[in-house]
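J.: By UniProt numbering, the letter at position 1 of the sequence shown is numbered 1, and the numbering carries on one by one without gaps.
We treat Cβ as the ideally placed atom computed from N, Cα and C, and that holds for glycine.
Below are the structure tokens for one structure; questions will follow.
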Amino acid sequence: MSREDPIKPEKDFSETLEEQIPLIEKTPDYKQAIEKYLVLEKQIRQSSDLASSKKVLNKIVETLVHHDDWDYLDELITPLSKKHGQLKTSIQSMIQEIIKNLKSLDNDKPVHLEKKMKIIETIRTITDKKIFVEVERAVVSKMLAEIYLEKKDDLDKATEILCDLQVETYSLMPFEEKIEYILEQIKLTLQKKDYDQAKILSRKILLKTLKNFEKADEYKSIYLKYLLDINKHENDYIMIVKNSLLLIEIPLIKNSSDYKDLLVSIIYYIILSPYDNLQSDLIHKIKANSAFAKNVDPKIFDLLEIFTTNELIHSENIERDYRGTYLSKSPVFAENEANNTNLQNRIIEHNLRVVNMYYSFIKLDRLAHLLQVNAQDAETHVSGMVNKGMISAKINRPQGIIKFDNLKHGSTAGAAQITSNSENINDMLNNWIYDVDKLLEEVDSIGHLINKEEMMYGIKQRS
1 MSREDPIKPE KDFSETLEEQ IPLIEKTPDY KQAIEKYLVL EKQIRQSSDL
51 ASSKKVLNKI VETLVHHDDW DYLDELITPL SKKHGQLKTS IQSMIQEIIK
101 NLKSLDNDKP VHLEKKMKII ETIRTITDKK IFVEVERAVV SKMLAEIYLE
151 KKDDLDKATE ILCDLQVETY SLMPFEEKIE YILEQIKLTL QKKDYDQAKI
201 LSRKILLKTL KNFEKADEYK SIYLKYLLDI NKHENDYIMI VKNSLLLIEI
251 PLIKNSSDYK DLLVSIIYYI ILSPYDNLQS DLIHKIKANS AFAKNVDPKI
301 FDLLEIFTTN ELIHSENIER DYRGTYLSKS PVFAENEANN TNLQNRIIEH
351 NLRVVNMYYS FIKLDRLAHL LQVNAQDAET HVSGMVNKGM ISAKINRPQG
401 IIKFDNLKHG STAGAAQITS NSENINDMLN NWIYDVDKLL EEVDSIGHLI
451 NKEEMMYGIK QRS
């Protein structure tokens with residue numbers, strides 16, 4: 001059973017080791033040498049000499065590695081780590097020495113690979129649920145995951161091994177190593193197409209912490225790219241834009257060959273984002289960002305103006321001017337049918353907001369004509385936007401008339417002014433705050449009454 005390191009050893013074995021090690025090294029049979037080291041190890045362990053204990057354990061590892069006897073080493077790891085009175089730092093040092101020597105085993109040689117995996121599994125077993133060697137367990141687990149991924153072609157097993165560890169809780173692991181480890185976990189889960197697990201893992205990293213260390217920009221860019229993979233899977237366009245805007249600010253990305261393509265994709269994704277205050281704010285920030293005007297084709301940049309102008313957009317014009325030359329060549333649209341469908345939806349929603357600005361009443365067939373859809377689809381889009389709070393309208397189906405409430409959006413894609421919907425929300429929040437205040441007052445009153453009762457009870461008891 002392992003124990004904490006002593007403040008002072010009962011006996012110093014440093015001189016004994018200086019005398020004995022050269023003699024033991026001259027022993028012809030290395031196994032006899034190991035037996036002598038084990039005798040020394042027991043004496044040192046019983047005397048709690050940490051420095052000498054680390055030295056003799058490392059000599060045992062060094063001797064067996066030198067003679068390529070990994071099987072014997074594998075047999076000794078468990079008993080040495082479980083010896084009564086074995087010091088925790090000695091165990092840690094021994095495991096670190098073994099890990100360092102594992103690099104000498106060639107993964108391309110089946111025999112070496114088998115020995116390596118056997119040693120790693122043994123280390124993982126003896127380090128399980130032991131905080132003082134949690135970092136070493138993480139290191140060998142990563143090595144094993146790489147073997148399963150690269151040599152065994154077993155992505156599931158590699159992911160299981162790597163994601164089994166909660167390295168964010170490891171107090172002994174350096175911060176940079178934690179980030180690198182979690183990024184590797186996210187990478188494997190994304191390769192496995194397990195986006196839910198990847199999203200959970202991504203929450204273990206805070207963007208604001210990725211600074212003030214050597215690889216901060218590199219890790220930040222990798223992390224944001226993983227987030228983009230998750231966002232794209234969910235078709236969360238607004239988060240794609242937000243994370244992409246953070247990505248283009250990293251110097252490493254600014255100097256990359258993908259920089260201009262990333263700027264173009266941001267424009268595509270912001271027009272794909274459903275309209276709300278955040279989308280409106282971001283699209284205007286993008287328009288004002290000189291990086292886009294300088295590096296993006298003017299025709300693509302014009303899309304921002306088209307979607308922020310209070311004029312109807314003709315989908316035929318978009319198809320004619322952009323489909324063949326731009327959209328079909330971009331991964332945003334060429335590889336994702338949902339994005340093409342949502343582009344048409346955004347055009348219809350934009351046009352519906354424009355109609356909302358200029359009409360109080362409109363015939364359903366007239367609205368369908370302006371939206372370039374049939375009457376049924378027009379009604380569906382109106383209902384959808386009302387449910388989302390984008391517009392306020394009522395449909396008179398018998399008469400085929402739609403009545404728009406007097407909502408003033410300022411501009412169809414500009415910053416929204418206060419609307420009746422937002423007023424309703426504000427009223428609701430105000431009422432909620434008032435109710436909470438009343439509740440707290442009641443709780444306070446009850447507290448006073450309880451104190452009063454306790455005081456009265458105390459007086460009665462004393463009398």
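How is I313 classed by DSSP in three states: helix, strand or coil?
T.: If you number the sequence shown from 1, residue 313 lands on position 313. Of the three classes helix, strand and coil, the one that applies to I313 here is coil, per DSSP.
J.: Of the choices I205, Y148, H233 and N310, whose alpha-carbon is the least far from that of K220?
T.: As a working note, residue 220 is residue 220 in the sequence shown. Of the listed residues, the one whose Cα sits closest to K220 is I205.
J.: Are the beta-carbon atoms belonging to N172 and V135 less than 8 Å from one another?
T.: Counted from its first residue, the sequence shown places residue 172 at position 172. Counted from its first residue, the sequence shown places residue 135 at position 135. With the sequence shown as reference, residue 172 is identified as Leu, and Asn is not the correct amino acid for it. Closer than 8 Å, so yes.
J.: How many angstroms separate the CA atom of S458 from the CA atom of N431?
T.: To locate residue 458, count along the sequence shown from 1; it is residue 458. To locate residue 431, count along the sequence shown from 1; it is residue 431. Contrary to the premise, residue 458 reads as Gly rather than Ser in this sequence. Taking the straight line from one Cα to the other gives about 41 Å.
J.: Measuring alpha carbon to alpha carbon, tell me which residue in K232, F307 and A291 is nearest P331.
T.: Residue numbering aside, residue 331 sits at position 331 when the sequence shown is read from its first letter. Ranking the options by Cα distance to P331, first place goes to K232.
J.: Taking only three categories from DSSP, how would you classify F13?
T.: Taking the sequence shown and counting its residues from 1, one reaches residue 13 at position 13. In this structure, F13 counts as coil in the three-state DSSP scheme.
J.: Am I right that P110 and S48 are in contact with their C-beta atoms under 8 Å? What's the rounded C-beta distance?
T.: To locate residue 110, count along the sequence shown from 1; it is residue 110. To locate residue 48, count along the sequence shown from 1; it is residue 48. Actually they are not in contact, since the Cβ atoms of P110 and S48 sit about 43 Å apart, beyond 8 Å.
J.: Can you check DSSP and say which residues form a bridge with I396?
T.: By one-based count along the sequence shown, residue 396 stands at place 396. Reading off the sequence shown, one finds Asn at residue 396, where the question assumed Ile. Beta-bridge pairing links N396 to I401.
J.: Roughly how many angstroms lie between the CA atoms of K260 and A51, to the nearest whole one?
T.: The count along the sequence shown starts at 1 and reaches residue 260 at position 260. The count along the sequence shown starts at 1 and reaches residue 51 at position 51. Their Cα atoms are separated by approximately 57 Å.
J.: Do L40 and V65 have their beta-carbon atoms positioned less than 8 Å apart in this structure?
T.: Position 65 of the sequence shown, counted from the first residue, corresponds to residue 65. Position 40 of the sequence shown, counted from the first residue, corresponds to residue 40. Not in contact: V65 and L40 (Cβ atoms no closer than 8 Å).
J.: In whole angstroms, what is the alpha-carbon distance linking I267 and K388?
T.: Within the sequence shown, residue 267 is the residue found at index 267, counting from 1. Within the sequence shown, residue 388 is the residue found at index 388, counting from 1. Going by the C-alpha atoms only, they are around 23 Å apart.
J.: Check the DSSP bridge columns for L228 and list the partner residues they point to.
T.: Counting from 1 along the sequence shown, the entry for residue 228 is found at position 228. In DSSP, L228 forms no bridge with anything.
J.: Taking only the alpha-carbon atoms, compute the straight-line gap between D128 and Y181 and give it to the nearest angstrom.
T.: If you number the sequence shown from 1, residue 128 lands on position 128. If you number the sequence shown from 1, residue 181 lands on position 181. In a straight line, the C-alpha of D128 is about 18 Å away from that of Y181.
J.: Pair every Cβ in the stretch 147-167 with every Cβ in the stretch 113-121, then say whether three or more of these pairs are closer than 8 Å.
T.: Verdict: yes, contact present.
J.: Could you name the residues that DSSP lists as bridge partners for K363?
T.: The residue given as residue 363 occupies position 363 in the sequence shown. DSSP, once it has assigned bridges, lists I401 as partnering K363.
J.: Need the endpoints of the alpha helix (DSSP H) that E214 sits in, please.
T.: Position 214 of the sequence shown holds residue 214. Here E214 belongs to no alpha helix (DSSP H), and DSSP marks it neither H nor E.
J.: Applying the criterion that 16 or more other CB atoms from any shown protein chain within 10 Å of the CB defines a buried residue, is V443 buried or exposed?
T.: Residue numbering aside, residue 443 sits at position 443 when the sequence shown is read from its first letter. Burial call: exposed.
J.: Thinking I91 and L102 are a contact (beta carbons under 8 Å), I'd like their distance in whole angstroms, please.
T.: Mapped onto the sequence shown, residue 91 falls at position 91. Mapped onto the sequence shown, residue 102 falls at position 102. Rounded, the Cβ-Cβ distance is 17 Å, inconsistent with contact.
J.: With a Cβ-Cβ cutoff of 8 Å, do S273 and Y322 count as a contact?
T.: For the purposes of this step, residue 273 is taken as the residue at position 273 of the sequence shown. For the purposes of this step, residue 322 is taken as the residue at position 322 of the sequence shown. No, they are not a contact pair.
J.: Taking the straight line between their C-alpha atoms, what separation do you get for N44 and P79?
T.: In the sequence shown, residue 44 corresponds to position 44, counting from 1. In the sequence shown, residue 79 corresponds to position 79, counting from 1. Strictly speaking, residue 44 in this sequence is Ile, with Asn absent from that position. Those two C-alpha atoms are separated by around 16 Å.
J.: Using DSSP with H/G/I as helix, E/B as strand and the rest coil, what is L87?
T.: The residue given as residue 87 occupies position 87 in the sequence shown. Three-state DSSP puts L87 in a strand.
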